[in-house]
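Residue numbers (my numbering): 8 to 142. All C-beta atoms, glycine included, are put in the ideal place defined by N, C-alpha and C. To start, the structure under review is shown below, and the notes come after it.
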């Protein structure tokens with residue numbers, strides 16, 4: 008491309024990034040961690056021959072994809088509700104592999120902590136911005 012061609016192109020303008028609250032960020036991180044974690048139970052279920060290989064890997068990969076996609080939805084009320092339903096679904100995997108009840112409870116505790124603490128941080132930040140007159 009010639010120098011004249013480069014000069015005639017318009018510079019890219021980026022959309023301003025949407026401000027994400029603490030709750031949205033923390034819940035999103037929790038779901039991504041759950042998606043990463045789900046790889047290991049998938050291998051355990053396959054290795055113990057609890058489920059056929061296709062079901063073990065298909066279900067595991069589907070769960071990973073759903074958790075990863077759900078992490079992008081935590082900015083809406085529906086996304087948070089969906090996250091709560093996913094926590095219940097992870098606990099329900101304890102019927103397939105009993106140790107998943109323990110893993111599910113740990114992640115449920117993390118989810119509840121992030122939900123509560125993220126909300127507190129968002130309220131504090133909103134109050135600080137209001138006091139400074141930023142909003």
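The DSSP-derived three-state label of residue 32 is helix. In the three-state reduction of the DSSP assignment, residue 55 falls in the coil class.
No residue range can be given for residue 21, since it is assigned to no alpha helix (DSSP H) and is classified by DSSP as neither H nor E. For residue 79, the secondary structure class from DSSP, reduced to helix, strand or coil, is coil. Annotated as proximal: residue 33 and residue 125, with beta-carbon spacing under 8 angstroms. In the DSSP assignment, residue 101 falls outside any alpha helix (DSSP H) and carries neither an H nor an E. Between the C-alpha atoms of residue 120 and residue 128 there is a straight-line separation of about 12 angstroms. Residues 37 and 94 of the same chain have their beta carbon placed closer than 6 angstroms to that of residue 118, with the five preceding and five following residues left out of the count.
At least 8 angstroms separates the beta-carbon of residue 114 from that of residue 74. Using a 10 angstroms sphere on the CB of residue 48, the tally of other CB atoms reaches 16 or more, which defines it as buried.
If you draw a 10 Å sphere on the C-beta of residue 63, you find 16 or more other C-beta atoms in it, and that means buried.
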